[in-house]
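**Q** Using the numbering used here, you'd call the opening residue of the sequence shown number 579 and step up by one each time.
A single structure is presented below for examination.
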Amino acid sequence: MKKQFALSALFLVLVHFVSAQPAGLSWEPVAAGVWRAKIGEPQLTDLLSAGGALPRLEALEKLGERPFPLPAGLCYAENQAGGIYIRLPLQREEQLFGLGLNFKTVQQRGRILHLHTDHYDGSDNGRTHAPVPFYVSDRGYGVLINSARYVTVYAGTANRVDSPDPPRVYDRNTETAWEAQPYSDAVETLVPGNGTEVYVFAGKNAMEVVQRFNLFCGGGVLPPKWGLGFTQRVPALSTEADVIKEADAFSDHNFPLDFIGLEPGWQSKAYPCTFQWDHARFPDPAAFVKRMLDKGIRLNLWLNPYLSPSSPSYKQMKPLSGSHTVWNGLVPDFNIPAAGKIYQEIFEKEHIGIGISGYKIDEIDGFDNWLWPDVASFPSGISGEQMRQVFGLKIQRLTLDWFRKYNRRTYGLARASNAGGASLPYVIYDDYYDHRDFITAMCTSSFIGVLWTPEVRASASAQEWLRRMQSVCFSPMAMINAWADGTKPWSYPEVAGAVREVASLRMQLFPYLYTTFAQYYFEGIPPVRAMNLVDGFSYNPASTAGALHSTGNPYSLALKEDIKDQFMLGDNLLVAPMFAGETKRRVVLPRGKWYDFYTGRLAGEGEVIEIVPAAERIPLFVRDGGIIPMIPAVLHAPRKGEVLPLEIRFYGDTAGRFSLYDDDGETFNYVKGEYNWYQLQVTRDKGGKWKGQTLLPEGQKNMGQYGTVSWKMMNER
Ligand code: GAL
């Protein structure tokens, strides 16, 4: 009681101080290398609590303590009329990453972002599916504004009169160094309302900062094994017979398939939804789901979470819903546990209980004209704006908890997320369909604790189809979203063989892929990594400013060139997708030697190379000493109890090690320690011969499913 009083007294003093004048922030350590400052009044909701994940304190401890990474004397906040103003310093050459799921830019220094949950509409302005208010600096720290308001971040764009490190003044008449946007020495943030928390994460480099952020948000998701297999979504009004036919067509074409997604027509009514089956199209859902499971195919259900007046639960939900509807459906106030309970009952009875594997949670991001407006109110007291920022997190968290009750992992799709969502088993997607921008989103997702899929729908040409299929096979979810037109992987006969080849390669890479996700869970290292997170990557071209002439924009901003069309998948594999219409591309290789995945030949060493790859293959490179564990080209991800031979490839001329993860692939028993890390090791003997070894640490019970092991020394071919 006394302590509580002392805390609130301290809090009042702080509120007073903050409202009176700019105040230094008081940083409280909350985990190893993580600090929090509370500014103003506590809020009814925030991002971390909406995501509901618990910080992985032990894993953070393992990363070790670090000193506070910012000059504390230069960090301050002020309660202004428009909200809380926060100013954190920047050094001259510092680079910033993060600040939402961006599609065009990786580096964010010099940008202004109005972070607001929305569909992506073609410009990186902060309106996006995951407007995560978290930035990572290459100087080894990250900052999270834990607010569910529309936060505006000026990421090094403006200058104060009283700046301690102001930019040099140039005369535009005579000095060519003049820039339309002079260098700025701070990140300035405006948080509407009267309070927020700010978190600072330290790290020896940008990657360690991201690790700490992800671990603080509960650690990354470990999908079920089937979630990493191939998935097809069928046309909106498909019937049970159509879905069975689709599964059979995949097996007839020898094409991998682990789960099928049903689009709106599985429900008796959609837009708004009943979440109940349409019995004309699906007469006996339980029998149908079982029949599919017997074939080894799981089912994922599309929904948008707005309740139809035709639902028997409508009356019960009405008082627990917002003031406005979406497509005439109720918007449940998930801040009230009873609202979640009503959905839980329906979802368990209709879907989870009969064996449905997961959901595609659509239309929780925007558009403004469709969603509830910001003037909407909710019975729990949270505003329309706050609900917009946390709705995606809330429903992801609820559905995950419902699956957990059955000790079954799930993996699905969601069109909105936010900070605190790393451990939630969902991948973001959208209707925007630019292949290049989809790859940039792969890169930017890696800074902010979300997963992204560059889904494939249709294509203007066979070549584009192939290039898109290659990219999606190297992403967190390999999906064709044929909801509108029923396109199949083999719909473009000219490239059908090459499409099968890349889908098979994804399946072969399963042990490697699953391990990269285990790293996400255990160490917070994201599976897909922007090059700027990779050790030894340095590419820092000069800024490109607009010259002062009248044909171009004389005031264009000086932006650094981004490397946004290649990324790392796990520790060892560099992926350099190709785009339709292109025959060659540039690849920036980080420090050390890099080898062609397919041939094992040296591709380059810490340099920029130009390649002219074959049309049927996506360019892949492996680092020196890289070990890639693989399985045969199976048609489904390894199932419980199935034993598969391992083929382990080794690249380069430096001895290497790899920790290979395995577990039952379906349950949450890994949380209780039921898993294995096999140690794979390659060394060279005195005679110069390479030798591989697999070791299961002594005393470990083998939970995994790998049988015989063969080694393929790619350097001896
Ligand atoms: C869109 C979604 C598509 C598809 C469609 C069905 O909002 O992005 O992938 O599911 O709805 O109506």
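Just so you know, even glycine gets a beta-carbon here, dropped at the ideal spot from N, CA and C.
A quick note: this is a predicted structure, and the numbers were derived from the prediction, not measured.
Is the segment 800-812 in contact with the segment 1212-1228, if contact means three or more CB pairs nearer than 8 Å?
**A** Touching, yes, given that three or more Cβ pairs across the two stretches are closer than 8 Å.
**Q** At the level of alpha carbons, what is the spacing between LYS1267 and ARG1235?
**A** For this step, residue 1267 is matched to residue 689 along the sequence shown. For this step, residue 1235 is matched to residue 657 along the sequence shown. Rounded to whole angstroms, LYS1267 to ARG1235 spans 16 Å at the Cα level.
**Q** Does the beta-carbon of ASP1009, which I'm using as the reference point, lie nearer than 8 Å to any heavy atom of ligand 1?
**A** The residue labelled residue 1009 in the question sits at position 431 within the sequence shown. Yes; taking the cut-off as 8 Å, the Cβ of ASP1009 has a heavy atom of ligand 1 nearer than that.
**Q** Looking at the strands, I want to know which residues DSSP matches up with GLN1259.
**A** Walking along the sequence shown from the start, residue 1259 turns up at place 681. Answer is ARG1235 and GLN1271, bridged to GLN1259.
**Q** Of all the CB atoms in chain D, is at least one closer than 9 Å to the CB of GLY642?
**A** The structure shown contains no chain D; it is built from a single protein chain.
**Q** Who are the near neighbours of TYR1010 in its chain, counting only those whose CB is closer than 6 Å to its CB and skipping five residues on each side?
**A** The sequence position of residue 1010 within the sequence shown is 432, counting from 1. The residues are TYR698.
**Q** Name the residue from LEU693, ASN751 and PHE791 whose alpha carbon lies nearest to the alpha carbon of TYR719.
**A** In the sequence shown, residue 719 corresponds to position 141, counting from 1. When only C-alpha atoms are compared, the closest one is PHE791.
**Q** Quick check on DSSP: helix, strand or coil for LEU815?
**A** Start at 1 with the first residue of the sequence shown, and residue 815 comes out as number 237. Here LEU815 sits in coil by DSSP.
**Q** Quick check: the segment 849-862 against the segment 1219-1237, are at least 3 beta-carbon pairs closer than 8 Å?
**A** no
**Q** By Cβ distance below 7 Å, which residues in the same chain neighbour TRP980 in space, the five residues on each side in sequence not counted?
**A** Translated into the one-based positions of the sequence shown, residue 980 becomes position 402. GLN922, PHE925, GLU926 and ILE930.
**Q** Does DSSP put HIS694 in a helix, a strand or coil?
**A** Counted from its first residue, the sequence shown places residue 694 at position 116. Of the three classes helix, strand and coil, the one that applies to HIS694 here is strand, per DSSP.
**Q** Can you give me the Cβ contacts of ALA628 inside the same chain, cut-off strictly under 6 Å, excluding the 5 residues immediately before and after it?
**A** Reading the sequence shown from its first residue, position 50 is the one you call residue 628. So the list reads VAL968, LEU971 and LYS972, once near-sequence residues are dropped.
**Q** Please say whether GLN1283 and LEU1222 have beta carbons closer to each other than 9 Å?
**A** In the sequence shown, counting from the first residue as 1, residue 1222 sits at position 644. In the sequence shown, counting from the first residue as 1, residue 1283 sits at position 705. In contact: LEU1222 and GLN1283 (Cβ atoms closer than 9 Å).
**Q** I need the DSSP call for TYR1200, collapsed to helix, strand or coil.
**A** Here the question's residue 1200 lines up with position 622 in the sequence shown. It should be pointed out that residue 1200 corresponds to Val in this sequence rather than to Tyr. Three-state result, VAL1200: strand.
**Q** Among LEU632, ILE690, ARG1195 and ARG859, whose alpha-carbon lies nearest the alpha-carbon of ARG1084?
**A** As a first step, residue 1084 must be located in the sequence shown, where it is residue number 506. Considering only alpha carbons, the answer is ARG1195.
**Q** Would you call the CB atoms of ALA764 and ALA736 closer than 9 Å?
**A** Here the question's residue 764 lines up with position 186 in the sequence shown. Here the question's residue 736 lines up with position 158 in the sequence shown. It is a contact, given that the beta carbons lie within the stated cut-off.
**Q** Beta-carbon separation of GLN974 and ALA726 under 9 Å?
**A** The residue labelled residue 974 in the question sits at position 396 within the sequence shown. The residue labelled residue 726 in the question sits at position 148 within the sequence shown. No; because the gap between Cβ atoms is not below 9 Å, this pair is not in contact.
**Q** Does the distance from the C-beta atom of GLY1027 to that of ALA994 stay below 9 Å?
**A** In the sequence shown, counting from the first residue as 1, residue 1027 sits at position 449. In the sequence shown, counting from the first residue as 1, residue 994 sits at position 416. No, they are not a contact pair.
**Q** CB of TRP547 to nearest heavy atom of ligand 1: below 8 Å?
**A** A query on residue 547 cannot be resolved here, the shown segment of the chain reaching from 579 to 1295 and no further.
**Q** When every heavy atom of ligand 1 is checked, does at least one fall within less than 8 Å of the C-beta of PRO842?
**A** The residue you call residue 842 lines up with position 264 of the sequence shown. Result yes, Cβ under 8 Å from ligand 1.
**Q** Quick check on the burial criterion: 16 or more other C-beta atoms within 10 angstroms. Buried or exposed for PHE1115?
**A** Along the sequence shown, read from residue 1 onward, the residue named residue 1115 stands at position 537. The residue in question, PHE1115, is buried, as its Cβ has 16 or more Cβ neighbours within 10 Å.
**Q** So the candidates are SER1069, TRP1255, LYS1171 and GLU1244; which of them puts its Cα closest to the Cα of PHE828?
**A** Counted from its first residue, the sequence shown places residue 828 at position 250. If we check each option's Cα against that of PHE828, SER1069 comes out closest.
**Q** What do you get for HIS694, buried or exposed, if any count of 16 or more other CB atoms within 10 angstroms of its CB means buried?
**A** Stepping through the sequence shown from its first residue, residue 694 is reached at position 116. Buried, by the Cβ-count rule.
**Q** Measuring only the C-alpha atoms, how far is PRO897 from GLN845?
**A** As a working note, residue 897 is residue 319 in the sequence shown. As a working note, residue 845 is residue 267 in the sequence shown. PRO897 and GLN845: Cα-Cα distance of roughly 24 Å.
**Q** Could you check the C-alpha separation between GLY1148 and PRO1104 for me, to the nearest Å?
**A** Taking the first residue of the sequence shown as 1, we reach residue 1148 at position 570. Taking the first residue of the sequence shown as 1, we reach residue 1104 at position 526. A direct Cα-Cα distance of roughly 8 Å separates GLY1148 from PRO1104.
**Q** Provide the residue span of the beta strand (DSSP E) that contains ALA1036, from first to last.
**A** Start at 1 with the first residue of the sequence shown, and residue 1036 comes out as number 458. Unbroken run through ALA1036: none, as it is neither H nor E.
**Q** Are at least three pairs of beta-carbons, each pair with one atom in the segment 1179-1189 and one in the segment 1157-1170, less than 8 Å apart?
**A** yes
**Q** Going by other Cβ atoms of all chains shown within 10 Å of its Cβ, with 16 needed for buried, is SER586 buried or exposed?
**A** The count along the sequence shown starts at 1 and reaches residue 586 at position 8. Because SER586 carries a pLDDT of 48, less than 50, the predicted location of this residue cannot be relied on, and no value is offered for it.
**Q** Can you find a heavy atom of ligand 1 that lies under 8 Å from the Cβ of ALA1056?
**A** By 1-based counting over the sequence shown, the position of residue 1056 is 478. Between ligand 1 and ALA1056, a heavy atom-to-CB distance of less than 8 Å is absent.
**Q** Rounded to the nearest angstrom, how far is the Cβ of GLY611 from that of LEU668, given a contact under 8 Å?
**A** Residue mapping note: residue 611 aligns to position 33 of the sequence shown, counting from 1. Residue mapping note: residue 668 aligns to position 90 of the sequence shown, counting from 1. The pair is not a contact, with the Cβ atoms about 20 Å apart (cut-off 8 Å).
**Q** Straight-line CA distance for MET1109 to ILE1141?
**A** Here residue 1109 corresponds to residue number 531 of the sequence shown, with the count starting at 1. Here residue 1141 corresponds to residue number 563 of the sequence shown, with the count starting at 1. Rounded to whole angstroms, MET1109 to ILE1141 spans 7 Å at the Cα level.
**Q** Alpha carbon to alpha carbon, how far is MET1292 from LEU1180?
**A** In the sequence shown, counting from the first residue as 1, residue 1292 sits at position 714. In the sequence shown, counting from the first residue as 1, residue 1180 sits at position 602. Near 10 Å, if we compare the C-alpha coordinates of LEU1180 and MET1292.
**Q** Mind pulling the beta strand (DSSP E) runs of 3 or more residues that sit fully within the segment 646-685?
**A** 654-658, 661-667 and 674-676
**Q** Could you tell me whether the segment 1058-1068 touches the segment 602-619, where touching means 3 or more Cβ pairs closer than 8 Å?
**A** no
**Q** By Cβ distance, which residues of its chain are closer than 7 Å to ALA1263, with the 5 residues on each side in sequence left out?
**A** The residue given as residue 1263 occupies position 685 in the sequence shown. Reading off the sequence shown, one finds Asp at residue 1263, where the question assumed Ala. LYS1269, listed in sequence order.
**Q** With which residues is ALA1108 paired in a DSSP beta bridge?
**A** For the purposes of this step, residue 1108 is identified with residue 530 of the sequence shown, where counting begins at 1. BP columns for ALA1108 point to PHE1145.
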